[in-house]
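Working notes, beginning with the structure itself.
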Amino acid sequence: MLSPWYSVQANSRAIDFTHSDYVWIGERIYHNETGRKPENLLFWSPHEPFPSLGIGHFIWFPENLNAPFEQTFPSFIRFVKHRHPQTSIPVEFQSEYPPWKNREAFTLHKQRGDLAALRLWLIATMPLQAEYIVQRFDAGLPEVLAGFSVAQQIQVSAYLHQLMQTKNGLFSLIDYSNFKGFGSNPIERYQQQGWGLLQVLEQVLQALDQDGVDVEQIEPQQALTQFIAAAKATLAERVALAPPEKNEARWLPGWQRRLEAYGALTPN
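First residue of the sequence shown? That's 0 in numbering that gives the first Met the number 0, and the numbers climb one at a time after it.
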């Protein structure tokens with residue numbers, strides 16, 4: 000059971016999770032990102048020019064790659080070094096670039112069993128990965144709020160306050176921001192349109208306004224239902240705007256199932 004009080008008011012934000020909370024979060028993100036398959040903790044999609052590592056599918060760019068996404072694996076390693084200096088880190092993970100120059104080299108090493116020790120490290124550090132994901136959410140939320148007008152910030156803060164009253168609601172924010180980003184990075188765009196948490200919250204405000212709902216009166220479960228619907232609409236728009244050669248429509252059903260699961264999390 001998640002145990003924090005979280006406030007989105009300026010200068011009073013605080014997440015105070017226990018180790019058990021991070022284990023809970025880590026297990027659920029592990030399920031969402033890997034299907035609970037350990038081999039997927041070290042993954043290189045044939046449709047992407049970079050590997051994805053850990054429960055958060057933290058991406059790591061090979062040398063000389065430019066892509067419209069934010070790298071997260073190198074910053075996770077920096078987080079571990081800073082916050083948990085007693086944790087040993089494999090030498091392969093401390094380099095600026097992945098130890099595999101391309102997917103072919105990665106696949107060869109994986110087939111040989113050369114990645115077993117790295118996979119075990121990623122399994123052992125799942126609570127640390129969850130802590131990193133939560134820390135990124137905590138640090139990134141003010142930038143998301145800054146994307147709204149002052150009047151809208153009041154509405155968004157009131158909405159988030161209600162959404163965060165339940166474990167499912169708070170987890171949905173943490174998971175989505177890791178899953179699809181905050182939406183405030185200008186390079187993460189298709190046709191000038193983002194798909195992160197910022198864009199989901201924009202959809203929420205539009206829907207509440209269209210339905211004539213007073214955000215001050217919204218209930219926590221209603222807030223979660225609205226978040227799921229807005230996230231679905233945001234990702235459907237991303238697919239519609241994506242370059243045709245990416246064929247992102249093949250991913251949409253899985254993305255939608257992930258969002259729907261926010262409303263059906265188990266108690267512990």
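Even glycine gets a Cβ: it sits at the ideal position worked out from N, Cα and C.
Nearest candidate by alpha-carbon position, reference residue i, set the options
i, options, result
"E62", "E236, W194, F49", "F49"
"F181", "P242, V143, R257", "V143"
"E103", "F57, H46, A116", "H46"
"Q192", "V90, P219, F178, R237", "R237"
"I54", "P89, L127, D113", "L127"
"I173", "Q85, Q134, Q220", "Q134"
"S74", "R111, W59, Q151, P242", "W59"
"R77", "Q93, G25, E32", "Q93"
"A66", "P185, Q198, A248, A263", "P185"
"E130", "Y21, G253, D15", "Y21"
"R257", "L204, N167, E95", "N167"
"T347", "P97, L140, F170, F178", "The requested residue 347 is not part of the displayed model; the chain covers only 0 to 267."
8 Å contact criterion, which residue i and residue j should meet: CB distance rounded
i, j, result
"L162", "F72", "Incorrect: roughly 29 Å between the Cβ atoms, too far for contact."
"L223", "Y261", "7 Å"
"L234", "L251", "7 Å"
"L200", "V155", "6 Å"
"L40", "I122", "7 Å"
"E218", "E69", "Contact doesn't hold; Cβ gap of about 34 Å is too wide."
"A229", "Q209", "At roughly 12 Å, the Cβ-Cβ gap does not stay under 8 Å, so A229 and Q209 are not in contact."
Start and end residues, alpha helix (DSSP H) containing residue i
i, result
"E187", "Here E187 belongs to no alpha helix (DSSP H), and DSSP marks it neither H nor E."
"Y175", "166-179"
"T33", "18-33"
"A232", "219-240"
"K268", "Because the chain here runs from 0 to 267, residue 268 falls outside it and cannot be looked at."
"V149", "149-162"
"L117", "115-123"
"V306", "A query on residue 306 cannot be resolved here, the shown segment of the chain reaching from 0 to 267 and no further."
"R257", "251-259"
For residue i, the residue or residues it bridges with in DSSP
i, result
"I330", "Look at the range of the chain in this structure, 0 to 267, and you will see that residue 330 is not part of it."
"L41", "L52"
"Q202", "Note: Q202 sits in no beta bridge, so no partner."
"Q192", "Y189"
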